[in-house]
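Line order of the protein sequences matches chains A and B. For the first sequence, our numbering assigns the number 17 to the initial residue and increments by one for each residue that follows. For the second sequence, our numbering assigns the number 284 to the initial residue and increments by one for each residue that follows. Backbone N, C-alpha and C fix where the C-beta goes; we use that ideal spot for every residue, glycine too.
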Amino acid sequence: MSKSHAPVSLKKCPTGIRGFDELSNGGLPRGRPTLLCGGPGCGKTLFAMEFLARGVMQFKEPGVFMSFEETPGELAKNFLSLGIDINDMIRKGLMAVDYVHVERSEIEEAGEYDLEGLFVRLAHAIDSVGAKRVVLDTIEVLFSGLSNAGILRAELRRLFEWLKAKGMTAIVTGEKGDRTLTRYGLEEYVADCVILLDFRIREQISTRRLRIVKYRGSSHGPDEYPFLIDRDGISVLPISSLGLNYPVSKERISSGIERLDAMLGRNGFYIGSTILVSGSAGTGKSSIASFFADAACRRGDKALYVTFEESPEQIVRNMGSIGMDLGRWVKKGLLKYNAVRPSYCGLEMHLVALYHAIRGFKPRVVVIDPISNLSSVGSKAEIKSMLTRLIDYLKLQRITAMLTDLTHSGDPAERSSEDISSLVDAWLLLRDIEIGGERNRGIYILKARGMAHSNQIREFVLTDHGVDLLDVYLGPAGVLTGSARVAQEAREKAEVLNSQNLAEKRMREREHKRKALEAQIAALNAELATAISEQQFMVVEEKKGLDNVQKDRVDMARLRKADSPKNPGERKRKEGGK
Amino acid sequence: MKRPPRPKKKPAKVLSDRDAWILKLYVAGQTPRSIAAFANLKQVCEEHLAGKYRIEIVDLLKNPTLAKGEQIFALPTVVRQLPTPVKKLIGDLANTERVLVGLNIKPVAKGVSKAMEK
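Right under this line is the structure:
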């Protein structure tokens, strides 16, 4: 830390313990002893064991386990509980186990002594396998076996210096004292790195925690980190180590409900986003979540459905009633249910169980239904911290997650019970709408980061063939749903019908008028025709009359034997000439 | 097939006199402390177990594996192999009183010597 130190950063020795290397920025200080302390049953031995075993398996670093408490047989059994066959490693020369039996009643002290015997044994074990890692568990036993604490302290100091000189990355375990980190003050000698393990039980639920008390020359996570011990060993769960730098996607996936996708700007949710669905009891949260899972399976993606409330069979049956066959996805291995009661284990265990399930199953979609049930096993802050870590993890894995949240009626609907709204990317709110003695479901999008989403409330109707999102009516009386909406629809229909009739009537009237006019035109036409024909007749008659007069005149002249003109014209001219 | 039984008889014979007490002194090299321990042990034995004891020195630097078998961690360590039960005594053995108590020599030695005399 001071400037006089070389700027060369401390070399780290990765432990391979999940989570620990992240929060310690790379592992334990390489070539130095680390003190691992904690109360009985806190997992010291297991941590140390895993450090060695992973050293062998992952980093090709042989190790020596010097046990002061457990016999090699017991150790082998313990290792085997982590799925590690230590005897095999010993056979292959990758691990050496030395059990140091210290029993006060068998030892008499007469004069000055040292622990050279221990050094010899350790050196032999280290050399026999070419060890890089050493565990001393728990060296404090020496204090109870030997009375000369002065010698012991001096020898331990020498031992740790010796380990350092040999370049061993060592874990020295120590039992927690009343007010000190270790009962015999080992922290005085092992000053480079001190890790404290803690095992707490609150409300009958146990939580294990790990804290790096001291890490000379290295930055490290300062908090208490919960950790878990399961069949795969230790998992430390860093809360803040992930940071906010996960990959983001522009791709979208369907919510499984077409109109909901439309409300989300046509395409559904972003891949890797986290969606919160909150609502009071019976508003259809599980149904929406199931549709989401169903849609994923339809696309051929794997979906993990974590339920804290219902058994998988029950969900499958219930969703069958709204026309969704989830059983087939389960059979195909696309859908996996993970059903546990929240009170089954502590929050941290839940988190790790989830990590496990996700790591094992590799789903692209995760549903947690409902997160609010976790409140029975943790405080708000704890749940939030757990969910933060979970969401970070899911985002990092590009898993799209839907969390449902039961809000209590009476609470403002916009308040998520676990205050995680800031963590989620999209928030669907399901709401009871009570009008006219009915309870109907309304859905709206409270927030959807990075997408143009509808601001409208839709009515959410579950039918035997699925889910419908219907427009709701916003009238003077407020939002209309259910039968009020149906009535409104009927009214509108009647109105439409009415206006249609009116239009038809008008059309008919126009038609009538047109026809009347046409009739009139026809009558006038007829009249016109009559007039024309009459006129023609008269012209003919008149001509006939004239011709007759002419003829008569000619006849008369013939009778009078007058010279007849060739034609009446000539005659007329002649007559005129007279 | 006949040979193996013979060596067995030899130690049985020896047991009666010189090997009544077999003391193993574990050391790691010739350190001042290990030399002191040997001197102190020899002195006590000469004084109380003359002719009835044998001291074997085990140098762990030469045979490190032996430390594991006898559960040696502090040095020097004297292991009373015989008479049974096995007893362990650690230190440079400067405190003679404690050596006698630790190896259970004083009372037994008297008893044994008396019994032997008779």
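- DSSP lists A:Ser251 as the bridge partner or partners of Leu244 (chain A).
- Setting aside the 5 residues that flank it on each side, Asn41 (chain A) is surrounded in the same chain by Lys28, Ser234, Ser235 and His236, each with a C-beta closer than 8 Å to its C-beta; the list follows chain order.
- Counting the other Cβ atoms within 10 Å of the Cβ of Met279 (chain A) gives 16 or more, which makes it buried.
- In terms of CA proximity to Phe476 (chain A), A:Arg275 leads the group A:Arg275, A:Ala312, A:Leu406 and A:Val440.
- Nearest to Phe321 (chain B) by alpha-carbon distance, out of B:Lys345, B:Gly352, B:Ala377 and B:Arg301, is B:Ala377.
- Thr379 (chain B) and Leu358 (chain B) have their C-alpha atoms spaced approximately 17 Å apart.
- The C-beta distance from Val368 (chain A) to Leu244 (chain A) rounds to 4 Å, short enough to fall under 8 Å.
- Using a CB distance below 9 Å, the part of the stretch 116 to 131 of chain A facing chain B consists of Val116, His117, Val118, Glu119, Glu122, Ile123, Glu124, Glu125, Ala126, Gly127, Glu128, Tyr129, Asp130 and Leu131, ordered along the chain.
- Cβ proximity to chain A below 9 Å picks out Leu343 from the stretch 327 to 343 of chain B.
- Among the residues of chain A, those whose CB is under 9 Å from the CB of Val384 (chain B) are Glu124 and Ala126, following chain order.
- Residue environment for Ser289 (chain A): buried (at least 16 other C-beta atoms within 10 angstroms of its C-beta).
- The C-alpha of Phe63 (chain A) is placed about 60 Å away from the C-alpha of Gly498 (chain A).
- Cβ-Cβ separation between Tyr115 (chain A) and Pro88 (chain A): approximately 5 Å, consistent with a contact (criterion under 8 Å).
- Interface flag for Leu134 (chain A) against chain B is set, since a Cβ pair is found closer than 7 Å.
- Residue pairing of Gly79 (chain A) in beta bridges, as defined by DSSP: A:Met111 and A:Arg149.
- For Pro49 (chain A), the uninterrupted beta strand (DSSP E) run begins and ends at Pro49 to Gly54, by DSSP.
- Put simply, the CB of Leu376 (chain B) is near chain A, with a gap under 7 Å to one of its CB atoms.
- Phe356 (chain B) belongs to the set of residues whose beta carbon lies under 7 Å from a beta carbon in chain A.
- By the neighbour-count definition (other C-beta atoms within 10 Å, threshold 16), Arg574 (chain A) is an exposed residue.
- Scanning the stretch 465 to 513 of chain A for uninterrupted alpha helix (DSSP H) segments of 4 residues or longer gives nothing; none is fully contained.
- In terms of beta-carbon proximity, Arg137 (chain A) lines the interface with chain B, with at least one pair separated by less than 7 Å.
- Around the beta carbon of Asp208 (chain A), 16 or more other beta carbons lie within 10 angstroms, which makes this residue buried.
- Rounded to whole angstroms, the separation of the alpha carbons of Leu213 (chain A) and Ala305 (chain A) is 38 Å.
- Of all alpha-carbon atoms in A:Val393, A:Ile384 and A:Ser391, the one lying nearest the alpha-carbon of Ile407 (chain A) is that of A:Ile384.
- Contacts between Lys371 (chain B) and chain A, judged by CB atoms closer than 8 Å, involve Glu122, Ile123 and Glu124 in chain order.
- For Lys351 (chain B), the neighbours in chain A by C-beta distance under 7 Å run, in chain order, Asp114 and Arg137.
- In the DSSP assignment, the residues bridged to Ala319 (chain A) are A:Leu351 and A:Val381.
- Residue contact with chain A for Arg381 (chain B): present (Cβ-Cβ distance below 7 Å to some residue of chain A).
- Counting along the chain, no beta strand (DSSP E) covers Ile355 (chain B), and no H or E run does either.
- When beta bridges are read from the DSSP output, Met418 (chain A) appears opposite A:Ile291 and A:Val383.
- Look at Phe36 (chain A) here: in three-state DSSP terms it is helix.
- Neighbourhood of Pro359 (chain B) in chain A, by CB distance below 7 Å: Tyr129, in chain order.
- In this structure, the beta-carbon distance from Gly190 (chain A) to Met467 (chain A) does not fall below 7 Å.
- Contact of Thr348 (chain B) with chain A by beta-carbon distance below 8 Å involves His140.
- Taking 7 Å as the cut-off, the Cβ atoms of Val252 (chain A) and Tyr241 (chain A) count as close.
- Taking each of A:Ser302, A:Thr154 and A:Glu557 in turn and checking the Cα distance to Leu52 (chain A), the smallest one comes out for A:Thr154.
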